[in-house]
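All remarks here apply to the structure that follows.
Residue numbers (the numbering used here), protein chains in the order written: chain R, 1 to 146; chain Y, 1001 to 1146; chain U, 2001 to 2081; chain X, 3001 to 3081.
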């Protein structure tokens, strides 16, 4: 199983955890980003994620590589979904294994921060009364009409 | 399902993640502590966890309550196993949900640090050529014979 | 030379297309490309200053020279995760 | 008065029992209890200074008075997680 996934299906989180598990690893930290039912006071109906697929995959690979270089981890897996996602569904999942726990936490946090900053993926929020492209992580949201 | 578990069976990690998931939560961080195949240069065969059960349960409840008070989280679940555990099995699992991700990471880390410091649970390591009670987290290990 | 620029998300919606062709002098840089896109597609005017340009699937610095065979994309502020 | 002290892990193995009965004067504190355990079970001598005493399932300060109905346990350095 690939440890870097850009997929439209539900993420198989248990499989990714097992993919990073090794006999020397005493710690496995994970992070899942889920669709919230509200944002800036708007009642969110669902989200649509669009990706520049080949580059998004490449940047996810780079982030995993950098995490391996920067932190004393054993392994890392990252999955990101594209397409329509309902409330409470996970759009992104990261699993990191390490011998001791600080590295797993640090690498997990590093990976999600970098994903939000660097991966060419965009989410459009469909809320009661409209839709808007979210521009993050600065969230300098312009109104791009429709 | 109870969100604080002290059990001898395998931890149902997926169920605990779902137990903390809420529609307002945009982040779920988890931590699993697994049995490593070596420790201090010893080849570990397996571990045995012993607990002062009623107090251990109470302290786990207290840690969850403190995490809720200290961090802006939605919910937290903690499971700890007792008895014999093989290499790569998870002895402890924590799942935390929050609106924004820093709180989930911080609370997860807080919980595992407190568990290692406060919960009356002890592990005995069976390694090639002997066995020893581990005294942590300072790891001031005495030789308690046998 | 003519380069193709892929558009995504807000940029795609504003320009009402997922690809624009931009005519550039040989040896033009990313910053020249960006200015040219702005003149050609005024509807992207607001988005361009906060966007990045990717050349061959990597974020490009503004002084990088582009070539007609390059894979070029306009990357509005990302919001994955 | 007589109090029962539960032993766990290394303490249980060293004392070869999971419970000891300790005779204490009325109003004895946790620190008196700890010293008394040390005299009564010399095999716990090394472990006692790094252990804590739990009274009614809570870690107790050394000046807490113990009572014969209390649930008391000797808590060697923990190693859960």
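We put the beta carbon where it would ideally sit given N, CA and C, even for glycine.
Keep in mind that this is a model prediction, so the values were computed, not measured.
Exposure of residue 3050 of chain X, with buried meaning 16 or more beta-carbon neighbours within 10 Å: Residue numbering aside, residue 3050 of chain X sits at position 50 when the fourth chain is read from its first letter. Its Cβ having fewer than 16 others within 10 Å, residue 3050 of chain X is exposed.
Residue range of the unbroken alpha helix (DSSP H) whose run includes residue 94 of chain R: The residue given as residue 94 of chain R occupies position 94 in the first chain. Run containing residue 94 of chain R: none in the alpha helix (DSSP H); it sits in the beta strand (DSSP E), 90 to 98.
If we ignore side chains and look at the alpha-carbon of each, how far apart do residue 1068 of chain Y and residue 2070 of chain U end up? Sequence index remark: in the second chain, residue 1068 of chain Y carries index 68 (1-based). Sequence index remark: in the third chain, residue 2070 of chain U carries index 70 (1-based). For residue 1068 of chain Y and residue 2070 of chain U, the distance between alpha carbons rounds to 52 Å.
With C-beta atoms as the reference, is residue 2005 of chain U less than 8 Å away from residue 2047 of chain U? Start at 1 with the first residue of the third chain, and residue 2005 of chain U comes out as number 5. Start at 1 with the first residue of the third chain, and residue 2047 of chain U comes out as number 47. Result no, Cβ atoms of residue 2005 of chain U and residue 2047 of chain U do not sit closer than 8 Å.
So, residue 1033 of chain Y versus residue 1092 of chain Y, is the Cβ gap smaller than 8 Å? Residue 1033 of chain Y sits at position 33 when you count from the first residue of the second chain. Residue 1092 of chain Y sits at position 92 when you count from the first residue of the second chain. Yes, Cβ-Cβ distance for residue 1033 of chain Y and residue 1092 of chain Y is below 8 Å.
What residues are listed by DSSP as bridge partners for residue 1049 of chain Y? Along the second chain, one-based indexing puts residue 1049 of chain Y at 49. Residue pairing from DSSP places residue 1049 of chain Y in a beta bridge opposite Y:1083, Y:1123.
Using a Cβ-Cβ cutoff of 8 Å, what residues of the region 1061 to 1082 of chain Y are near chain X? List them in chain order. 1080
Helix or strand or just coil, what does DSSP make of residue 1011 of chain Y? If you number the second chain from 1, residue 1011 of chain Y lands on position 11. If DSSP states are grouped into helix, strand and coil, residue 1011 of chain Y belongs with coil.
Span of the beta strand (DSSP E) around residue 1118 of chain Y: Position 118 of the second chain, counted from the start, is the residue given in the question as residue 1118 of chain Y. Premise fails: residue 1118 of chain Y lies in the alpha helix (DSSP H), 1101 to 1118, not in any beta strand (DSSP E).
For the beta strand (DSSP E) holding residue 131 of chain R, just list the boundary residues, first then last. Here the question's residue 131 of chain R lines up with position 131 in the first chain. First-last of the beta strand (DSSP E) with residue 131 of chain R: 130 to 133.
Quick one: give me the first and last residue of the beta strand (DSSP E) that residue 3023 of chain X is part of. Along the fourth chain, read from residue 1 onward, the residue named residue 3023 of chain X stands at position 23. First-last of the beta strand (DSSP E) with residue 3023 of chain X: 3019 to 3023.
For residue 2046 of chain U, the three-state DSSP class (helix, strand or coil): As a working note, residue 2046 of chain U is residue 46 in the third chain. DSSP, reduced to helix, strand and coil, places residue 2046 of chain U outside both helices and strands of the structure shown, so it counts as coil.
Going along chain R, which residues have a C-beta under 7 Å from residue 1033 of chain Y? By one-based count along the second chain, residue 1033 of chain Y stands at place 33. By Cβ distance, chain R contributes 26, 27.
Identity of the residue in R:127, R:45, R:86, R:73 nearest residue 9 of chain R by Cα: Looking up residue 9 of chain R in the first chain gives position 9. The shortest Cα separation from residue 9 of chain R among R:127, R:45, R:86, R:73 belongs to R:86.
Is residue 1017 of chain Y helix, strand or coil by DSSP? In the second chain, residue 1017 of chain Y corresponds to position 17, counting from 1. Note: residue 1017 of chain Y maps to helix in three-state DSSP.
Quick one, are the C-beta atoms of residue 1076 of chain Y and residue 1107 of chain Y less than 8 Å apart? Numbered from its first residue, the second chain carries residue 1076 of chain Y at position 76. Numbered from its first residue, the second chain carries residue 1107 of chain Y at position 107. Yes. Within cutoff.
In three-state DSSP terms, what is residue 77 of chain R? The sequence position of residue 77 of chain R within the first chain is 77, counting from 1. Here residue 77 of chain R sits in strand by DSSP.
Cα-Cα separation between residue 53 of chain R and residue 2032 of chain U, rounded to whole angstroms: Locating residue 53 of chain R in the first chain gives position 53, counting from the first residue. Locating residue 2032 of chain U in the third chain gives position 32, counting from the first residue. If you take the alpha carbons of residue 53 of chain R and residue 2032 of chain U, they lie about 26 Å apart.
In whole angstroms, give me the CA-to-CA distance for residue 3008 of chain X and residue 3076 of chain X. Residue mapping note: residue 3008 of chain X aligns to position 8 of the fourth chain, counting from 1. Residue mapping note: residue 3076 of chain X aligns to position 76 of the fourth chain, counting from 1. Going by the C-alpha atoms only, they are around 7 Å apart.
In three-state DSSP terms, what is residue 2035 of chain U? What you label residue 2035 of chain U is simply residue 35 of the third chain in a count that begins at 1. Three-state result, residue 2035 of chain U: helix.
Do you know offhand how far residue 1082 of chain Y's Cα is from residue 1006 of chain Y's? Position 82 of the second chain, counted from the start, is the residue given in the question as residue 1082 of chain Y. Position 6 of the second chain, counted from the start, is the residue given in the question as residue 1006 of chain Y. In this model, residue 1082 of chain Y and residue 1006 of chain Y are separated by some 7 Å (Cα to Cα).
Got a sec: is the Cβ-Cβ distance from residue 1010 of chain Y to anything in chain R below 8 Å? As a position in the second chain, residue 1010 of chain Y is number 10, starting the count at 1. At a cut-off of 8 Å between C-beta atoms, residue 1010 of chain Y does not count as an interface residue with respect to chain R.
Neighbour list for residue 1054 of chain Y in chain X, Cβ cutoff strictly below 9 Å: In the second chain, residue 1054 of chain Y corresponds to position 54, counting from 1. In chain order: 3057, 3071.
Neighbourhood of residue 2045 of chain U by C-beta distance below 8 Å, restricted to the same chain and skipping five residues each side: The sequence position of residue 2045 of chain U within the third chain is 45, counting from 1. These residues qualify, in order along the chain: 2038.
Below 8 Å CB to CB, which residues in the same chain sit around residue 1022 of chain Y once its five sequence neighbours on both sides are set aside? Working through the second chain from its first residue, we reach residue 1022 of chain Y at position 22. 1074, 1075, 1097.
Which one or two residues does DSSP pair with residue 2029 of chain U in a beta bridge? Start at 1 with the first residue of the third chain, and residue 2029 of chain U comes out as number 29. According to DSSP, which records beta bridges pairwise, residue 2029 of chain U is partnered with U:2065.
Closest to residue 1030 of chain Y by CA distance: which of Y:1125, Y:1110, Y:1126 is it? Within the second chain, residue 1030 of chain Y is the residue found at index 30, counting from 1. Nearest of Y:1125, Y:1110, Y:1126 to residue 1030 of chain Y, Cα basis: Y:1110.
Can you round the beta-carbon distance between residue 3079 of chain X and residue 1135 of chain Y to whole angstroms, since I take them to be within the 8 Å contact cut? Taking the fourth chain and counting its residues from 1, one reaches residue 3079 of chain X at position 79. Taking the second chain and counting its residues from 1, one reaches residue 1135 of chain Y at position 135. Between residue 3079 of chain X and residue 1135 of chain Y the beta-carbon gap is near 6 Å, inside 8 Å, which marks them as a contact.
Could you work out which residue in R:39, R:100, R:36 is closest to residue 71 of chain R when comparing CA atoms only? Position 71 of the first chain holds residue 71 of chain R. Ranking the options by Cα distance to residue 71 of chain R, first place goes to R:100.
Integer Cβ distance of residue 3060 of chain X from residue 3030 of chain X, believed to fall under 8 Å: Mapped onto the fourth chain, residue 3060 of chain X falls at position 60. Mapped onto the fourth chain, residue 3030 of chain X falls at position 30. So it is a contact: roughly 5 Å between Cβ atoms.
If I'm right that residue 3057 of chain X touches residue 3028 of chain X with Cβ under 8 Å, what's the distance once you round it to whole angstroms? Along the fourth chain, read from residue 1 onward, the residue named residue 3057 of chain X stands at position 57. Along the fourth chain, read from residue 1 onward, the residue named residue 3028 of chain X stands at position 28. Actually they do not touch by this definition, with Cβ atoms about 19 Å apart.
DSSP beta-bridge partners for residue 2003 of chain U? Start at 1 with the first residue of the third chain, and residue 2003 of chain U comes out as number 3. Residue 2003 of chain U is bridged to U:2022.
Interface partners of residue 1014 of chain Y on chain R, CB under 8 Å: Position 14 of the second chain, counting from 1, holds the residue named residue 1014 of chain Y. Simply 13, 14.
What is the DSSP secondary structure of residue 68 of chain R, counted as helix, strand or coil? As a working note, residue 68 of chain R is residue 68 in the first chain. The answer is helix: DSSP assigns residue 68 of chain R an H, G or I state.
So which residues of chain Y does residue 3079 of chain X contact, with C-beta pairs closer than 8 Å? For this step, residue 3079 of chain X is matched to residue 79 along the fourth chain. By Cβ distance, chain Y contributes 1116, 1121, 1122, 1123, 1133, 1134, 1135, 1136, 1137.
Which residues in the same chain as residue 38 of chain R place their Cβ atom closer than 7 Å to its Cβ, once the five residues preceding and following it in sequence are excluded? In the first chain, the residue the question calls residue 38 of chain R occupies position 38. Within the same chain, 44 come within 7 Å of residue 38 of chain R by CB-CB distance, once the 5 residues on both sides are set aside.
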